[in-house]
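One structure is given below, encoded as structure tokens.
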Amino acid sequence: MPENKSLIQDITQTSNLVIEINNLSKGFDNLQVLKNLSLKLFDGENLVVLGKSGSGKSVLIKCIVRLLNADQGTITVLGKNVNNLKSKELAVLREKIGFLFQSGALYDSMTIKENLEFPLIRIKKKLSKKEREKKIEEVLENVGLSDTLHKMPSELSGGMKKRASLARTIVVDPMIMLYDEPTTGLDPVTSDGISALINDVQKKYKTSSIIITHDIECARATADRIIMLQDGEVYMEGSINDFENSDDELIQSFFKE
Numbered sequence: 099m100p101e102n103k104s105l106i107q108d109i110t111q112t113s114n115l116v117i118e119i120n121n122l123s124k125g126f127d128n129l130q131v132l133k134n135l136s137l138k139l140f141d142g143e144n145l146v147v148l149g150k151s152g153s154g155k156s157v158l159i160k161c162i163v164r165l166l167n168a169d170q171g172t173i174t175v176l177g178k179n180v181n182n183l184k185s186k187e188l189a190v191l192r193e194k195i196g197f198l199f200q201s202g203a204l205y206d207s208m209t210i211k212e213n214l215e216f217p218l219i220r221i222k223k224k225l226s227k228k229e230r231e232k233k234i235e236e237v238l239e240n241v242g243l244s245d246t247l248h249k250m251p252s253e254l255s256g257g258m259k260k261r262a263s264l265a266r267t268i269v270v271d272p273m274i275m276l277y278d279e280p281t282t283g284l285d286p287v288t289s290d291g292i293s294a295l296i297n298d299v300q301k302k303y304k305t306s307s308i309i310i311t312h313d314i315e316c317a318r319a320t321a322d323r324i325i326m327l328q329d330g331e332v333y334m335e336g337s338i339n340d341f342e343n344s345d346d347e348l349i350q351s352f353f354k355e
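Converting from the sequence shown to this note's numbering requires adding 98 to each position, the first position being numbered 1.
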């Protein structure tokens, strides 16, 4: 336990740079998905990574938490070189990172309360049962799901499942949020609500976020900065205005109606 505590204290003493990736490459068999990709995420910002399907967006964030091992390059998260971490060190780092999977990945056999309680018991071991219940109720209220405490995931709509998945992610107070296509499969109104919720989480929980998406409206609503990938490489980086005012044909195909 003392070792874990010192690791957590070390992680939280960070500078303005939250994630730094240099020359990241990742391939599968004969397919090169990421090619010498470099990017930075700064404290408190929402960085949108934009690109068509197959451009390497989801592979990128899976490499960040080492769900996939990079073939080449360095990934530094909260001052730690992810590729060099031992299993215990990696587990401690992952406790500071919230990962919202595209599918939501709720446990179907658990109520929404039990879904949120599961990571709390594992990560926030010192909380009493009463403190856990209060935390769960507060987080569900923050995502607009106060009345879902005892419901099963199968009883929720697609948008509500996304909100519940987000609640389960933020209930353990992550410093970094990784969103994998948060609005995919949702209608425009629900998508707008999820985008607004991403901004709310940024403000309320002081998170730094990478938002993987091909949804331009989500990018417009959430991005402090945008990086666009093409064929596994950074094609362009800038503000939403930079992208919308670009004369580049590929950029226009995304941003111009």
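Cβ coordinates follow ideal geometry from the N, Cα and C atoms, glycine included.
A quick note: this is a predicted structure, and the numbers were derived from the prediction, not measured.
- With a minimum length of 4 residues, the unbroken runs of alpha helix (DSSP H) contained wholly in the region 151–180 fall at 155–162.
- Your pair G171 and L122 checks out as a contact, with CB atoms roughly 4 Å apart and the cut at 8 Å.
- Pairing G257 with T288 gives a Cβ-Cβ distance under 7 Å.
- The Cβ neighbour count for N167, taken over all protein chains shown within 10 Å, is under 16; the residue is labelled exposed.
- When Cβ pairs closer than 8 Å are counted between the two stretches, the region 304–323 is seen to touch the region 139–150, the count reaching three or more.
- Taking the Cα positions, I349 is about 12 Å away from G336.
- A Cβ-Cβ separation of about 5 Å places V131 in contact with G154 under the 8 Å criterion.
- Distance from V269 to V237 at the Cβ level is roughly 5 Å; contact confirmed, criterion being Cβ atoms closer than 8 Å.
- Nearest to K227 by C-alpha distance, out of N240, E239 and K211, is K211.
- Non-local C-beta neighbours of L188 in its own chain, meaning closer than 8 Å and more than five positions away in sequence, comprise R164 and V180, ordered along the chain.
- From the listed residues A265, N144 and D329, the smallest Cα separation to F199 is found for A265.
- By the CB criterion at 7 Å, I173 and P272 fall outside the cutoff.
- Ranked by Cα distance from I234, the first of K184, N213 and M208 is N213.
- Distances from the CA of S244 to each of S255, A262, E229 and R230 were compared; the closest alpha carbon is that of A262.
- It is roughly 6 Å from the alpha-carbon of E331 to the alpha-carbon of K133.
- Per DSSP, reduced to three states, the secondary structure at Y277 is strand.
- It is roughly 33 Å from the alpha-carbon of F126 to the alpha-carbon of D285.
- Taking a 10 Å sphere around the C-beta of N144, we find 16 or more other C-beta atoms and assign the residue as buried.
- With contacts defined as CB atoms closer than 7 Å, D141 and V116 qualify as a contacting pair.
- Within the region 224–301, complete alpha helix (DSSP H) segments of at least 4 residues are found at 227–240 and 256–268, given in chain order.
- Taking C-beta atoms as the reference points, I162 and S136 fail to come closer than 7 Å.
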